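> Taken in sequence, the protein lines are chains H and X.
Residue numbering for the first sequence follows the numbering used here, starting at 30 and increasing by one per position.
Residue numbering for the second sequence follows the numbering used here, starting at 817 and increasing by one per position.
I am attaching a structure below and will ask some questions about it afterwards.
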Amino acid sequence: MISGAWICLLSPLAAAGLITLAGERISRRGAGYLATLSCFVAFGGAVASFVGLLGRDGGHRVVVSTAWTWISGGSYRSGFEVMIDPLSVFMMLIVAGVGALIVAYSIGYMDGDDEERRYFAYMALFVFSMLLLVQGGNLLLLLAGWGMVGLSSYLLIGFWHERPSAIAAAKKAFIMNAIGDATMALALFLLIKKAGSVEFGILGGQYSSTVATLVALGLLGGAVAKSAQLPLQTWLPDAMEGPTPVSALIHAATMVTAGVYLIVRTHSIFESAPHVADLAAGLGAGTLLVAGLIALVQVDIKRVIAYSTMSQIGYMFLGVGLGAYANGMFHLMTHAFFKALLFMAAGIVIHALADEQDIRKMGGLRQLMPRTYLAFLIGSLALVGIFPFAGFFSKDSILAAAMDHGTYGYVLWAAGLAGTFLTGLYTFRLLFLVFWGEPSPFVREHFHALKRDVVGVSLAGPVAILAVLSVVGGWIQWEPLWHPIETWLQTVAEPTVSPKSWQEAVSSALALLLGLGGIFLAWLIYGARRVAVPRFAFAQRVLEHKFYVDELYDALFYRPTVWAAKGLYHWVEDPLVDESSNSLGQDTRDLGRLVSRAQTGLLRTYALAIASSVAVLALVFVAVR
Amino acid sequence: MMGPGTAWYLGVAGFLFGVGALGVLIRRNPLIVLLSLEIMLNGGNLALIAFARNLNNGDGQIFALAVMAVAASEVVVGLGLIVALNRKRIPLDVDRLSSLRG
Numbered sequence: 030m031i032s033g034a035w036i037c038l039l040s041p042l043a044a045a046g047l048i049t050l051a052g053e054r055i056s057r058r059g060a061g062y063l064a065t066l067s068c069f070v071a072f073g074g075a076v077a078s079f080v081g082l083l084g085r086d087g088g089h090r091v092v093v094s095t096a097w098t099w100i101s102g103g104s105y106r107s108g109f110e111v112m113i114d115p116l117s118v119f120m121m122l123i124v125a126g127v128g129a130l131i132v133a134y135s136i137g138y139m140d141g142d143d144e145e146r147r148y149f150a151y152m153a154l155f156v157f158s159m160l161l162l163v164q165g166g167n168l169l170l171l172l173a174g175w176g177m178v179g180l181s182s183y184l185l186i187g188f189w190h191e192r193p194s195a196i197a198a199a200k201k202a203f204i205m206n207a208i209g210d211a212t213m214a215l216a217l218f219l220l221i222k223k224a225g226s227v228e229f230g231i232l233g234g235q236y237s238s239t240v241a242t243l244v245a246l247g248l249l250g251g252a253v254a255k256s257a258q259l260p261l262q263t264w265l266p267d268a269m270e271g272p273t274p275v276s277a278l279i280h281a282a283t284m285v286t287a288g289v290y291l292i293v294r295t296h297s298i299f300e301s302a303p304h305v306a307d308l309a310a311g312l313g314a315g316t317l318l319v320a321g322l323i324a325l326v327q328v329d330i331k332r333v334i335a336y337s338t339m340s341q342i343g344y345m346f347l348g349v350g351l352g353a354y355a356n357g358m359f360h361l362m363t364h365a366f367f368k369a370l371l372f373m374a375a376g377i378v379i380h381a382l383a384d385e386q387d388i389r390k391m392g393g394l395r396q397l398m399p400r401t402y403l404a405f406l407i408g409s410l411a412l413v414g415i416f417p418f419a420g421f422f423s424k425d426s427i428l429a430a431a432m433d434h435g436t437y438g439y440v441l442w443a444a445g446l447a448g449t450f451l452t453g454l455y456t457f458r459l460l461f462l463v464f465w466g467e468p469s470p471f472v473r474e475h476f477h478a479l480k481r482d483v484v485g486v487s488l489a490g491p492v493a494i495l496a497v498l499s500v501v502g503g504w505i506q507w508e509p510l511w512h513p514i515e516t517w518l519q520t521v522a523e524p525t526v527s528p529k530s531w532q533e534a535v536s537s538a539l540a541l542l543l544g545l546g547g548i549f550l551a552w553l554i555y556g557a558r559r560v561a562v563p564r565f566a567f568a569q570r571v572l573e574h575k576f577y578v579d580e581l582y583d584a585l586f587y588r589p590t591v592w593a594a595k596g597l598y599h600w601v602e603d604p605l606v607d608e609s610s611n612s613l614g615q616d617t618r619d620l621g622r623l624v625s626r627a628q629t630g631l632l633r634t635y636a637l638a639i640a641s642s643v644a645v646l647a648l649v650f651v652a653v654r
Numbered sequence: 817m818m819g820p821g822t823a824w825y826l827g828v829a830g831f832l833f834g835v836g837a838l839g840v841l842i843r844r845n846p847l848i849v850l851l852s853l854e855i856m857l858n859g860g861n862l863a864l865i866a867f868a869r870n871l872n873n874g875d876g877q878i879f880a881l882a883v884m885a886v887a888a889s890e891v892v893v894g895l896g897l898i899v900a901l902n903r904k905r906i907p908l909d910v911d912r913l914s915s916l917r918g
């Protein structure tokens with residue numbers, strides 16, 4: 030069981046190392062096969078760990094294996110250890126499983142790219158980092174994995190490094206994430222000072238409310254940055270500059286949901302700081318509305334899905350912030366299925382249309398690619414939460430949990446319901462614009478269908494599997510009738526809310542109705558007639574500028590920094606530092622020039638100098654005597 | 817003890833040294849400068865020998881012999897230089913030999 034966990038963790042790392050070291054000796058496709066194989070091996074390891082844990086009864090489902098003592102100083106000690114418990118196994122299965130499918134999909138998607146080997150090495154590195162994040166046996170290893178997923182995300186967003194926009198997006202993502210890393214590190218420092226350890230167990234200890242609040246805030250900062258929630262959400266849409274499978278794996282299915290995992294993993298500290306937990310839920314609710322609104326006007330197929338990702342993670346934050354940990358994790362799982370599906374179906378569309386991502390140029394693809402249409406439809410229905418697709422079961426139980434949390438919960442509940450309406454609207458706007466209607470001139474000119482070769486199979490296979498999972502994945506748990514995930518995660522994170530059956534029923538019914546309403550409105554506007562974006566000039570302008578958040582940060586942080594730097598250069602650096610070293614050199618040269626005048630080259634002057642000096646010395650000698 | 821006292825010898829030696837130094841300082845012909853140097857050295861030698869006699873000790877005489885040997889070598893080098901200068905038709909004037917450039 031524990032060896033399964035180690036295999037799971039290390040096989041992607043081995044693949045990354047092998048691909049890197051083999052260089053030209055491994056074929057491009059070989060690198061892809063190797064990376065895919067390593068991810069499937071990792072999935073096998075995860076399954077082995079899962080089976081191993083199943084064989085134990087509830088209270089004993091924690092296994093820690095320490096490879097070596099990593100850092101020790103004074104009484105502080107932390108090991109390089111992996112931990113297998115229900116939560117980490119749950120995440121391992123999702124990361125390795127969905128990861129393996131997406132890496133397999135990449136073989137087809139990246140076919141013919143110049144630097145495929147580098148791509149697959151990065152992908153394997155990412156899977157390793159993500160597994161380290163979820164398997165790390167203490168907060169320090171979690172933070173190490175946290176930083177490494179940020180690094181691999183940076184590398185993969187900027188994979189097409191000849192595009193300036195990709196490099197800018199990579200830097201933006203890295204810097205935004207670094208803010209979160211910093212707050213997390215501060216929280217850890219505080220914990221080490223107060224408790225002298227970074228084990229997960231100490232989070233449940235007794236702390237003063239100030240300490241608990243600060244630690245929870247620091248961890249929330251990390252979660253918010255990684256999961257692209259308000260107010261650090263601006264990097265995720267730009268991250269779509271990376272290859273589509275990267276968007277599917279990192280920026281939809283796994284990495285961006287790490288914030289949800291973090292909150293569930295450290296839930297005890299959030300329970301000691303209830304205001305911070307409420308803040309997390311509120312941020313989630315805010316994000317799901319803001320992202321849903323912005324998604325309405327985006328014209329890039331991947332950006333629409335990116336905003337829907339932000340919005341869905343908003344639901345997860347809403348759930349785990351209110352203490353509905355199992356529901357949040359359940360939505361994380363179903364979201365991984367249907368969002369990876371949507372991204373990969375969109376990837377096939379982009380692939381078929383010669384890398385065009387603008388939905389205004391698309392249309393009528395339903396006739397041309399019926400199977401992709403079907404996959405996209407399944408993903409969309411699951412995203413909106415239509416019965417019996419996956420999202421229905423997971424999203425509605427989050428909303429029901431919100432009802433069980435007093436007045437504040439009702440506010441969030443209302444926001445979540447409004448979100449379902451928006452989800453229906455923007456998701457089906459996308460679907461109608463891309464797949465319905467007559468094929469546009471652009472599509473007629475550029476469309477080429479998938480062939481039944483390695484590329485076609487590698488693209489279609491994972492999409493088909495995920496399409497099935499997006500249908501049946503939700504049936505695992507249907508609150509309140511059966512809830513195996515809640516039971517499974519109970520020993521790690523006991524939910525603090527328990528919605529009643531009528532709340533479940535009301536939430537489900539309303540969410541379903543609103544989702545259908547959103548779909549209907551989308552059909553009215555985009556299905557029946559074809560309008561790319563509705564004409565509400567002011568609202569549209571605000572939404573297209575994403576509520577001016579980028580502009581705000583630009584004015585608030587970037588420009589003052591530039592001004593301060595320019596001012597410092599002009600008033601301090603230039604006159605003080607530069608000038609002082611310059612004049613030091615200049616003065617030395619002047620002095621040298623002065624002294625060199627004495628070097629006349631005239632023998633007799635030297636002799637006179639010697640003679641007169643001797644005479645003076647002799648006089649002094651005599652006088653002193 | 818016969819003859820003048822040591823002070824006289826030292827006076828003559830100082831005078832010789834002064835004349836030589838003056839010659840080195842004010843003459844511009846390197847030949848004369850070299851000559852003046854010899855006078856200075858001999859002034860020094862005279863002083864050494866005077867002290868040797870005064871102290872009734874042979875060390876000073878030995879030292880004077882060593883100085884003579886050095887002076888002879890120095891003259892060889894100096895005269896060699898002057899001959900070389902003359903061959904290159906460089907004017908024999910120490911003030912115009914102010915550059916070390918070859």
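A virtual CB, placed ideally from N, CA and C, is assigned to each residue, including glycine.
Every value quoted in this text rests on a predicted model; they were computed, and no experiment measured them.
Would you grab the beta carbon distance between isoleucine 113 of chain H and valine 80 of chain H for me? Rounded to a whole angstrom, and I think it's under 8 Å.
Working through the first sequence from its first residue, we reach residue 113 of chain H at position 84. Working through the first sequence from its first residue, we reach residue 80 of chain H at position 51. Actually they are not in contact, since the Cβ atoms of isoleucine 113 of chain H and valine 80 of chain H sit about 11 Å apart, beyond 8 Å.
> With a threshold of 7 Å between beta-carbons, can glycine 630 of chain H be considered close to chain X, or not?
Position 601 of the first sequence, counting from 1, holds the residue named residue 630 of chain H. Yes - at least one Cβ of chain X is within 7 Å of the one on glycine 630 of chain H.
> Give a yes or no on whether 7 Å exceeds the smallest Cβ distance from alanine 837 of chain X to chain H.
Numbered from 1 along the second sequence, position 21 holds the residue referred to as residue 837 of chain X. Alanine 837 of chain X counts as touching chain H.
> By Cβ distance, which residues of its chain are closer than 8 Å to valine 849 of chain X, with the 5 residues on each side in sequence left out?
Looking up residue 849 of chain X in the second sequence gives position 33. Answer for valine 849 of chain X: Gly839, Val840, Arg843 and Val910, listed in chain order.
> Closest by CA to asparagine 861 of chain X, which one among X:Gln877, X:Leu847, X:Asn902 and X:Val892?
The residue given as residue 861 of chain X occupies position 45 in the second sequence. The shortest C-alpha separation from asparagine 861 of chain X is found at X:Gln877.
> With C-beta atoms as the reference, is leucine 37 of chain H less than 7 Å away from glycine 74 of chain H?
Position 8 of the first sequence, counted from the first residue, corresponds to residue 37 of chain H. Position 45 of the first sequence, counted from the first residue, corresponds to residue 74 of chain H. Just to set this straight, residue 37 of chain H is cysteine in the shown sequence, not leucine. Yes, they are a contact pair.
> Given a threshold of 16 other Cβ atoms within 10 Å of its Cβ, counted over all protein chains shown, does isoleucine 388 of chain H qualify as buried or as exposed?
Reading the first sequence from its first residue, position 359 is the one you call residue 388 of chain H. Burial call: buried.
> Give the straight-line distance between the Cα atoms of alanine 287 of chain H and isoleucine 131 of chain H, rounded to the nearest whole angstrom.
For this step, residue 287 of chain H is matched to residue 258 along the first sequence. For this step, residue 131 of chain H is matched to residue 102 along the first sequence. Distance between the alpha carbons of alanine 287 of chain H and isoleucine 131 of chain H: 18 Å.
> Does the Cβ of valine 253 of chain H have 16 or more other Cβ atoms within 10 Å, making it buried, or fewer, making it exposed?
As a position in the first sequence, residue 253 of chain H is number 224, starting the count at 1. Buried, since its Cβ has 16 or more Cβ neighbours within 10 Å.
> May I have the straight-line CA-CA distance separating glutamate 533 of chain H from threonine 436 of chain H, to the nearest angstrom?
Against the first sequence, residue 533 of chain H aligns to sequence position 504. Against the first sequence, residue 436 of chain H aligns to sequence position 407. When rounded, the distance between both Cα atoms is 17 Å.
> Below 8 Å on the Cβ atoms is my contact criterion, and I expect valine 285 of chain H with threonine 338 of chain H to pass it. Report the Cβ-Cβ distance as a whole number of Å.
By 1-based counting over the first sequence, the position of residue 285 of chain H is 256. By 1-based counting over the first sequence, the position of residue 338 of chain H is 309. Valine 285 of chain H to threonine 338 of chain H, Cβ: 6 Å. Contact.
> In terms of residues, what are the limits of the alpha helix (DSSP H) holding glutamate 608 of chain H?
Against the first sequence, residue 608 of chain H aligns to sequence position 579. Start and end: 608-625.
> Please determine, among H:Leu403, H:Gln519 and H:Val326, the residue with the shortest C-alpha to C-alpha distance to phenylalanine 367 of chain H.
Within the first sequence, residue 367 of chain H is the residue found at index 338, counting from 1. Closest option to phenylalanine 367 of chain H, Cα to Cα, is H:Leu403.
> List the endpoints of the continuous beta strand (DSSP E) containing glycine 102 of chain H.
Taking the first sequence and counting its residues from 1, one reaches residue 102 of chain H at position 73. Taken as a continuous stretch (DSSP letters only), the beta strand (DSSP E) holding glycine 102 of chain H covers 92-102.
> For tyrosine 635 of chain H, count the other beta carbons within 10 Å of its own beta carbon; 16 or more makes it buried, fewer makes it exposed. Which is it?
Counting from 1 along the first sequence, the entry for residue 635 of chain H is found at position 606. By the 10 Å Cβ count, tyrosine 635 of chain H comes out exposed.
> Does the distance from the CB of glutamine 386 of chain H to the CB of lysine 331 of chain H come in under 7 Å?
Along the first sequence, read from residue 1 onward, the residue named residue 386 of chain H stands at position 357. Along the first sequence, read from residue 1 onward, the residue named residue 331 of chain H stands at position 302. It is a contact, given that the beta carbons lie within the stated cut-off.
> Ends of the beta strand (DSSP E) at methionine 112 of chain H?
Mapped onto the first sequence, residue 112 of chain H falls at position 83. Here the beta strand (DSSP E) through methionine 112 of chain H covers 105-113.
> Give the DSSP-derived three-state secondary structure of glutamate 467 of chain H in the structure shown.
One-based indexing of the first sequence puts residue 467 of chain H at position 438. Correct three-state label for glutamate 467 of chain H: coil.
> At least one CB of chain H closer than 7 Å to the CB of aspartate 911 of chain X: is that the case?
Within the second sequence, numbered from 1, the residue matching residue 911 of chain X stands at position 95. Taking Cβ atoms only, chain H reaches closer than 7 Å to aspartate 911 of chain X, which makes this a yes.
> Only counting the same chain, and skipping five residues up and downstream in sequence, which positions put a Cβ closer than 6 Å to that of alanine 216 of chain H?
Taking the first sequence and counting its residues from 1, one reaches residue 216 of chain H at position 187. Val244, Gly247 and Leu248.
> Whose CA, out of H:Tyr582, H:Phe69, H:His380 and H:Ala431, lies closest to the CA of glycine 343 of chain H?
In the first sequence, residue 343 of chain H corresponds to position 314, counting from 1. Measuring from the Cα of glycine 343 of chain H, the nearest candidate turns out to be H:Ala431.
> Please state the DSSP three-state secondary structure of tryptophan 189 of chain H.
The residue labelled residue 189 of chain H in the question sits at position 160 within the first sequence. In this structure, tryptophan 189 of chain H counts as coil in the three-state DSSP scheme.
> Could you please tell me which residues of the segment 612-639 of chain H, in chain order, have their CB closer than 7 Å to any CB of chain X?
So the close ones are Thr629, Gly630, Leu631, Leu632, Arg633, Ala636 and Leu637.
> Put asparagine 902 of chain X into one of helix, strand or coil per three-state DSSP.
The sequence position of residue 902 of chain X within the second sequence is 86, counting from 1. In the structure shown, asparagine 902 of chain X sits in a helix (DSSP, three-state: H, G or I).
> Is the segment 592-610 of chain H touching the segment 642-651 of chain H, taking contact as three or more C-beta pairs under 8 Å?
Output reads no: the segment 642-651 of chain H does not touch the segment 592-610 of chain H.
> Kindly indicate which three-state DSSP category asparagine 873 of chain X falls into: helix, strand or coil?
Taking the first residue of the second sequence as 1, we reach residue 873 of chain X at position 57. Residue state, collapsed to three classes: coil.
> How would you list, in chain order, the residues of chain H whose beta-carbon sits under 7 Å from the beta-carbon of valine 840 of chain X?
Residue numbering aside, residue 840 of chain X sits at position 24 when the second sequence is read from its first letter. Result: Ala636.
> When the cut-off is 7 Å and only beta carbons count, does serine 914 of chain X lie next to chain H?
Locating residue 914 of chain X in the second sequence gives position 98, counting from the first residue. It does: the Cβ of serine 914 of chain X has a partner Cβ on chain H nearer than 7 Å.
> From the DSSP output, in three-state form, read off glutamate 300 of chain H for me.
By one-based count along the first sequence, residue 300 of chain H stands at place 271. DSSP places glutamate 300 of chain H in helix when its eight states are reduced to three.
> Under the rule that 16 or more other beta-carbon atoms within 10 Å means buried, what is glutamine 615 of chain H, buried or exposed?
Numbered from 1 along the first sequence, position 586 holds the residue referred to as residue 615 of chain H. It is exposed - the Cβ of glutamine 615 of chain H has fewer than 16 other Cβ atoms within 10 Å.
> Quick one: is glycine 52 of chain H buried, meaning 16 or more other Cβ sit within 10 Å of its Cβ, or exposed?
Position 23 of the first sequence, counted from the start, is the residue given in the question as residue 52 of chain H. Label assigned to glycine 52 of chain H: exposed.
> Between which two residues does the alpha helix (DSSP H) holding phenylalanine 422 of chain H run?
Reading the first sequence from its first residue, position 393 is the one you call residue 422 of chain H. Taken as a continuous stretch (DSSP letters only), the alpha helix (DSSP H) holding phenylalanine 422 of chain H covers 419-432.
> At least one CB of chain H closer than 7 Å to the CB of alanine 863 of chain X: is that the case?
If you number the second sequence from 1, residue 863 of chain X lands on position 47. It does not: the Cβ of alanine 863 of chain X has no partner Cβ on chain H nearer than 7 Å.
> Can you grab the Cα-Cα spacing for the pair isoleucine 379 of chain H / alanine 551 of chain H, in whole Å?
Numbered from 1 along the first sequence, position 350 holds the residue referred to as residue 379 of chain H. Numbered from 1 along the first sequence, position 522 holds the residue referred to as residue 551 of chain H. Taking the straight line joining both Cα atoms gives about 22 Å.
> Express the C-alpha separation of glutamine 262 of chain H and proline 589 of chain H in angstroms, rounding to a whole number.
Here residue 589 of chain H is taken as the residue at index 560 of the first sequence, counted from 1. Here residue 262 of chain H is taken as the residue at index 233 of the first sequence, counted from 1. If you take the alpha carbons of proline 589 of chain H and glutamine 262 of chain H, they lie about 21 Å apart.
> With leucine 541 of chain H as the anchor, note down where its alpha helix (DSSP H) starts and where it stops.
Taking the first residue of the first sequence as position 1, residue 541 of chain H is located at position 512. First-last of the alpha helix (DSSP H) with leucine 541 of chain H: 530-551.
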